[in-house]
Every structure is written in C-alpha cells, then in structure tokens.
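Chains as they are written, first to last, in the numbering used here: chain A, 13 to 57; chain B, 133 to 439. In this text, a Cβ means the ideal position worked out from N, Cα and C, and glycines have one as well.
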C-alpha cells in the first residue's frame, strides 16, 4: 500500500516537473520571438 | 446506458453503510461517464470545428485570415489554409520550423504540456477529422482490422514527411498531401475560387490546379474509402500529430484503467474508435482518451500512473 502511494506521488512529481519544463519552453519561445516567426516567415504554409 | 449497466448495483438496494455509499458513488460515476461520452461530440464539432474555424468574414474579404491568432496553433490538425481558419496547424508549424531550420520552442512546449497532461485526448475530443472518420465508420458494411505493423507508419510520416523533407528540401510534403487539408482547404478554395480584391485575379489560378491537386484528391479519396471499413486509419497510421501525442500516452497524467473483475469480454474493443482492448493495454499509444470504453463498468479514468 505504502509502495503504491509512493509510486503515485513520484508519478505526480514527474508530471509537475515535465509540465514546468514545457511551460518554460513556451515562455522562452514567446520571448525569443516564436509568435512573430510564423507571421514573418510562414507564408508558404 | 441503463441497458449496458443493468447488472450494476442500484443505490439503496444494498441497504445501509459503506456498501450503499460505494454503490451510490459508482452510480454517479457511471452517469458522469455517460454524459462525458455525449458531450465529447459537442467539443469536437463546437470547439474543434466551429470555434477554431470561425472566420466567416472570409466571405466578404475573399482572403484567408492572417491576423495575430494565426501566430498560434490549435492542439489538433486544423488546416492553416482553410478559408475560415483562425489558427495554424501544429504540423504545418513543425514543417515550417524544419524548413527554416529553427527549434520551435513555443510549439514544443505547447504540444508537450498537452501531451503530458492528457495524452492523445485532443485527437478524441477536438479533432474534426477524427470525427469524420468515426462518422464514416458507422456506415453498415463489412469491417476490417488494421494489422499492428501499420501503426508504426505514423512515426515514419512524422519523421520523413513532417521533419526530414522540409529540413533538407524545404518541401512541406505532409501539408501538400494531407487529406484533411484537401477537404478543408483545397476543395473549398478550388470550388469557390473568388476574385482576390487586392490582385483582381482569381485566388486559385487555372495553372495551379495541376497534378499535385489530382494527387491530393487521390489521397483524400483513398482515405475516405478506408474510413468506411477500418477504424480511424488516418489517426493510427498517418497522422504525425497523433505520433507526437502517442509518445506521451504511457506517462501522461490522464490514464485509463480497468478495475474490478474484468472478464475480457471485448466490449471495450468493440466500442473503441481506435480498436484497443483497454483491459490488456490501458496505456496504449493509440488511446485517444475518448472514454467510449467507459460503457464497461470496469473501465475508469485515473489521474496518475496506472496501477
């Protein structure tokens, strides 16, 4: 039982870390101009 | 739903105490899942279809929307060139960034956050092309199962068509032959073909409807025929976005699991739009989290690692 709870907590911790990482990527993307990138160079889509 | 769950315990029948409370809780959960399965279609048609493609001003401007919303993408296939599209297609963005040889930080973060949280749920809850496949599969005729080997093709599609070809040859081949793009953008533009007010010429010139357009149509017709006989063949064999999300399915927060005494009756596989037996592989990369399998009382959502 204790092992199951520990596994569940570990999985949730990994999830939080992954989401935090992806949110940081998004923030970095916005700051580095990804939002304008599509509009400036995406004419061929 | 009542018919499918007629063997379920009705609240109150078990008498007082914990057993009655548990039964009441199960009954509520069965109703919640039944509502979710019905509401899913409103999400697909409302959010994925109408809201993401609500630029009806195109009928007066005669040109595709190019405002600030086009800088972003939706978490499902949605053709950038669809006359009424507000947003870009994530796979269009992947190809674009591959061809300009830059890393798409915002897009990676966005798709990663969605995938880590709900896995492939966007395929089941938002993608209109998936909905078209489900609708066509309802046509009563002989049905076929897809050999498992074909499920790997979507990774080839992602790597070759969406990344390598744009990277080396600046050719967006997935977009060129995407059947959803043909249906949502290619055919509407070719049929409508208005005069562009700024140029004074037809939007689609006579010369541009050549062999490529014929190829697009052939791919579309091929898939439309497959949709009648096989469950979601495009999502399972070709969609690069499905390939990306499928990488997250095994460790996403949203999981499907079986509990209690599953008898392997294959009810979950029969109702599943991507032909999974959820009891044998609850974290399957193909699972689109549509919750159709929750018609079985042993199948539930679990927010966390499957036990």
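Residue i - containing alpha helix (DSSP H), residue span
| i | result |
| --- | --- |
| residue 393 of chain B | First-last for residue 393 of chain B: undefined, no H or E at that position. |
| residue 241 of chain B | 237–250 |
| residue 287 of chain B | 285–288 |
| residue 377 of chain B | 372–378 |
| residue 40 of chain A | 14–43 |
| residue 266 of chain B | 260–269 |
| residue 228 of chain B | 222–232 |
| residue 256 of chain B | 253–257 |
| residue 402 of chain B | 399–403 |
| residue 423 of chain B | Counting along the chain, residue 423 of chain B falls outside any alpha helix (DSSP H), and DSSP gives it neither H nor E. |
| residue 308 of chain B | 305–309 |
| residue 193 of chain B | 190–193 |
| residue 367 of chain B | 365–369 |
| residue 322 of chain B | 319–324 |
| residue 357 of chain B | 343–361 |
Exposure label - residue i; buried when at least 16 CB within 10 Å
| i | result |
| --- | --- |
| residue 363 of chain B | buried |
| residue 412 of chain B | exposed |
| residue 231 of chain B | buried |
| residue 39 of chain A | exposed |
| residue 48 of chain A | exposed |
| residue 396 of chain B | exposed |
| residue 424 of chain B | buried |
| residue 139 of chain B | Residue confidence for residue 139 of chain B is low, a pLDDT of 43 falling below 50, so the modelled location carries little weight; the figure read from the coordinates is stated next. Its Cβ having fewer than 16 others within 10 Å, residue 139 of chain B is exposed. |
| residue 251 of chain B | buried |
| residue 310 of chain B | buried |
| residue 210 of chain B | buried |
| residue 300 of chain B | exposed |
| residue 431 of chain B | buried |
| residue 21 of chain A | exposed |
| residue 41 of chain A | buried |
| residue 32 of chain A | exposed |
| residue 264 of chain B | buried |
| residue 420 of chain B | buried |
| residue 258 of chain B | buried |
CB contact below 7 Å: residue i versus chain B
| i | result |
| --- | --- |
| residue 13 of chain A | no |
| residue 52 of chain A | Any reading at residue 52 of chain A is ruled out, since the residue's pLDDT is 48, under 50, leaving its predicted position unreliable. |
| residue 41 of chain A | yes |
| residue 55 of chain A | With a pLDDT of 42 at residue 55 of chain A, under the threshold of 50, the modelled position of that residue is not reliable, and the figure given next carries that caveat. Not one chain B Cβ lies under 7 Å of residue 55 of chain A. |
| residue 37 of chain A | yes |
| residue 29 of chain A | no |
| residue 25 of chain A | no |
| residue 18 of chain A | no |
Residue-chain proximity (residue i, chain A), Cβ-Cβ < 7 Å
| i | result |
| --- | --- |
| residue 436 of chain B | yes |
| residue 385 of chain B | yes |
| residue 241 of chain B | yes |
| residue 245 of chain B | yes |
| residue 448 of chain B | For residue 448 of chain B there is no data in the structure shown, the boundaries of chain B being 133 and 439. |
| residue 390 of chain B | no |
| residue 248 of chain B | yes |
| residue 289 of chain B | no |
| residue 216 of chain B | no |
| residue 203 of chain B | yes |
Start and end residues, beta strand (DSSP E) containing residue i
| i | result |
| --- | --- |
| residue 432 of chain B | 431–435 |
Spatial neighbours of residue i in its chain, beta-carbon cut-off 6 Å, leaving aside the 5 residues before and after
| i | result |
| --- | --- |
| residue 212 of chain B | 220, 221 and 224 |
| residue 36 of chain A | none |
| residue 294 of chain B | 223, 226, 227, 306 and 372 |
| residue 303 of chain B | 297 |
| residue 417 of chain B | 378 and 381 |
| residue 266 of chain B | 405 |
| residue 133 of chain B | Model confidence at residue 133 of chain B stands at a pLDDT of 37, short of 50, so the residue's coordinates are unreliable and nothing is read from them. |
| residue 29 of chain A | none |
Beta-carbon proximity list for residue i, same chain, < 8 Å, skipping 5 on both sides
| i | result |
| --- | --- |
| residue 375 of chain B | 286, 287, 289 and 290 |
| residue 205 of chain B | 219, 220, 221, 222, 224, 225, 239 and 242 |
| residue 244 of chain B | 380 |
| residue 229 of chain B | 235, 236 and 239 |
| residue 52 of chain A | Its pLDDT being 48, under 50, residue 52 of chain A is placed unreliably in this model, and the value from its coordinates should be taken loosely. Result list for residue 52 of chain A: empty, nothing under 8 Å. |
Close beta carbons around residue i, own chain, < 7 Å, minus the five adjacent residues each side
| i | result |
| --- | --- |
| residue 90 of chain B | There is simply no residue 90 of chain B to check, as chain B begins at 133 and stops at 439 in what is shown. |
| residue 352 of chain B | 311, 314 and 315 |
| residue 370 of chain B | 285, 286 and 289 |
| residue 54 of chain A | In this predicted model, residue 54 of chain A has a pLDDT of only 45, less than 50, meaning its place in the structure is not dependable enough to derive any value. |
| residue 358 of chain B | 365 |
Reduced DSSP secondary structure (H/G/I, E/B, other) of residue i
| i | result |
| --- | --- |
| residue 384 of chain B | coil |
| residue 428 of chain B | coil |
| residue 408 of chain B | coil |
| residue 329 of chain B | coil |
| residue 279 of chain B | coil |
| residue 298 of chain B | helix |
| residue 334 of chain B | strand |
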